[in-house]
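Undergrad: With the working numbering as the guide, the letters of the sequence shown map in order to residues 9 to 223.
Just so you know, even glycine gets a beta-carbon here, dropped at the ideal spot from N, CA and C.
All figures in this text were calculated on a predicted structure; none of them were measured in a lab.
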Amino acid sequence: MSLWPLFLNNQGRIIHKWKHYFPSYERHFSRYVNRPVVFLEIGCGEGGSLQMWKQYLGPLATIIGIDVRAECANFEEDQIHIRIGDQSDTGFLASVLAEFGAPDIVLDDGSHVMEHVSATFQFLYPRMVRDGVYFVEDLHTAYWEEYSGGYKRPGSFIEHCKDMIDELNAEHTRGAVPESDFSRGTLSMHFYDSCAVFEKGRTGEKFAPQIGTPV
9 MSLWPLFLNN
19 QGRIIHKWKH
29 YFPSYERHFS
39 RYVNRPVVFL
49 EIGCGEGGSL
59 QMWKQYLGPL
69 ATIIGIDVRA
79 ECANFEEDQI
89 HIRIGDQSDT
99 GFLASVLAEF
109 GAPDIVLDDG
119 SHVMEHVSAT
129 FQFLYPRMVR
139 DGVYFVEDLH
149 TAYWEEYSGG
159 YKRPGSFIEH
169 CKDMIDELNA
179 EHTRGAVPES
189 DFSRGTLSMH
199 FYDSCAVFEK
209 GRTGEKFAPQ
219 IGTPV
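Structure, rendered in structure tokens:
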């Protein structure tokens, strides 16, 4: 099942998404279709995206939406659970994880305020399943001052990502960057226009054999 036609044929609640995000969604989420996945979306919008994820991921998926707006509780239906709270409130996030378990997928489409994006990532990412996917969208806001962003502004999530690239390669920095749970537990980082995706996992044994016949 392709995600873009689901979006185009939506007759449920309103969905508001950038078209160029859809190939990235499918690239990273397709392996979870028809599996017992826990999907956590930060920011409920008008409720339509929650319904889209439910339809795309299938009947075994548990879809959780969190938002600060109390009226979003009306979006609950079979498979879709809504919890009202602030994405940067670690106590609230901990209560969501205690109720539903570690998420397989986190999609941050929340406030887009840099402090919130970073705080949410720092809390949730280590607590996901070992092979989970963390997807942050609308990161063009990292360049906008009204979201505490700006080009090369310290504290923006984009600048944080640049540091995490070094952290991912900590093993090769000759001590300049210490290895961490992030470097040991992150398989890959992917960057698209306005999106960053982190895939958890372990690289496995690293070696570089030479194979062939010497000349």
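Taking all protein chains shown into account, do 16 or more other C-beta atoms lie within 10 angstroms of the C-beta of residue 27, making it buried, or fewer, making it exposed?
TA: The residue you call residue 27 lines up with position 19 of the sequence shown. Residue 27 should be labelled exposed.
Undergrad: Of the choices 96, 105 and 97, whose alpha-carbon is the least far from that of residue 89?
TA: Mapped onto the sequence shown, residue 89 falls at position 81. Nearest of 96, 105 and 97 to residue 89, Cα basis: 105.
Undergrad: Among 192, 20 and 9, which one has its Cα closest to the Cα of residue 211?
TA: By one-based count along the sequence shown, residue 211 stands at place 203. Ranking the options by Cα distance to residue 211, first place goes to 192.
Undergrad: Going by C-alpha to C-alpha distance, which of 168, 188 and 123 sits closest to residue 156?
TA: As a working mapping, residue 156 is identified with position 148 in the sequence shown. Nearest C-alpha to residue 156: 123.
Undergrad: Would you kindly report the start and end of the unbroken alpha helix (DSSP H) that includes residue 108?
TA: Position 100 of the sequence shown, counted from the first residue, corresponds to residue 108. Counting along the chain, the alpha helix (DSSP H) containing residue 108 begins and ends at 98-108.
Undergrad: Which two residues bound the contiguous beta strand (DSSP E) that contains residue 197?
TA: Counting from 1 along the sequence shown, the entry for residue 197 is found at position 189. Per DSSP, residue 197 belongs to the beta strand (DSSP E) from 194-200.
Undergrad: Which class does residue 144 belong to by DSSP, given the choice of helix, strand or coil?
TA: Here residue 144 refers to the residue found at position 136 when the sequence shown is read from its first residue. Residue state, collapsed to three classes: strand.
Undergrad: Assign residue 71 to buried or exposed, taking buried as 16 or more other Cβ atoms, counted over all protein chains shown, within 10 Å of its Cβ.
TA: Position 63 of the sequence shown, counting from 1, holds the residue named residue 71. Buried, since its Cβ has 16 or more Cβ neighbours within 10 Å.
Undergrad: Please return the same chain residues whose Cβ sits closer than 8 Å to the Cβ of residue 15, not counting the five positions on each side in sequence.
TA: The residue labelled residue 15 in the question sits at position 7 within the sequence shown. Within the same chain, and ignoring the five residues on either side of residue 15 in sequence, the residues whose Cβ sits closer than 8 Å to its Cβ are 23, 25, 30 and 60.
Undergrad: Tell me whether the segment 74-83 and the segment 37-45 touch, counting them as touching only if at least three CB pairs, one residue from each stretch, are closer than 8 Å.
TA: no
Undergrad: Taking 8 Å as the threshold (C-beta atoms), are residue 201 and residue 134 in contact?
TA: Translated into positions along the sequence shown, residue 134 becomes position 126. Translated into positions along the sequence shown, residue 201 becomes position 193. No, Cβ-Cβ distance for residue 134 and residue 201 is not below 8 Å.
Undergrad: Mapping the DSSP letters down to three states, classify residue 52 as helix, strand or coil.
TA: For this step, residue 52 is matched to residue 44 along the sequence shown. Coil at residue 52, not helix or strand.
Undergrad: Which stretch, first to last residue, makes up the beta strand (DSSP E) that contains residue 80?
TA: Taking the sequence shown and counting its residues from 1, one reaches residue 80 at position 72. Segment: none, residue 80 is in no beta strand (DSSP E) and carries neither H nor E.
Undergrad: Residue 114 lies in the beta strand (DSSP E); which residues open and close that run?
TA: Here residue 114 is taken as the residue at index 106 of the sequence shown, counted from 1. Residue 114 -> beta strand (DSSP E) spans 113-116.
Undergrad: Tell whether a beta-carbon distance below 8 Å holds between residue 85 and residue 117.
TA: Here residue 85 refers to the residue found at position 77 of the sequence shown. Here residue 117 refers to the residue found at position 109 of the sequence shown. Cβ atoms of residue 85 and residue 117: not closer than 8 Å.
Undergrad: Note down the Cα distance separating residue 35 from residue 18, rounded to an integer number of angstroms.
TA: In the sequence shown, residue 35 corresponds to position 27, counting from 1. In the sequence shown, residue 18 corresponds to position 10, counting from 1. Rounded to whole angstroms, residue 35 to residue 18 spans 21 Å at the Cα level.
Undergrad: Under the three-state reduction of DSSP, which class applies to residue 28: helix, strand or coil?
TA: Position 20 of the sequence shown, counted from the start, is the residue given in the question as residue 28. Residue 28 falls in the helix class under three-state DSSP.
Undergrad: When the Cα of residue 51 is compared with those of 114, 175 and 178, which residue comes out closest?
TA: Within the sequence shown, the letter at position 43 stands for residue 51. Nearest of 114, 175 and 178 to residue 51, Cα basis: 114.
Undergrad: Tell me the rounded alpha-carbon separation between residue 126 and residue 220.
TA: Taking the sequence shown and counting its residues from 1, one reaches residue 126 at position 118. Taking the sequence shown and counting its residues from 1, one reaches residue 220 at position 212. Looking at the two C-alpha atoms, the distance is approximately 47 Å.
Undergrad: What's the C-alpha gap between residue 137 and residue 153?
TA: Here residue 137 corresponds to residue number 129 of the sequence shown, with the count starting at 1. Here residue 153 corresponds to residue number 145 of the sequence shown, with the count starting at 1. The straight-line gap from Cα to Cα measures roughly 34 Å.
Undergrad: Mapping DSSP to helix, strand and coil, what is residue 91?
TA: Here the question's residue 91 lines up with position 83 in the sequence shown. It is a strand residue.
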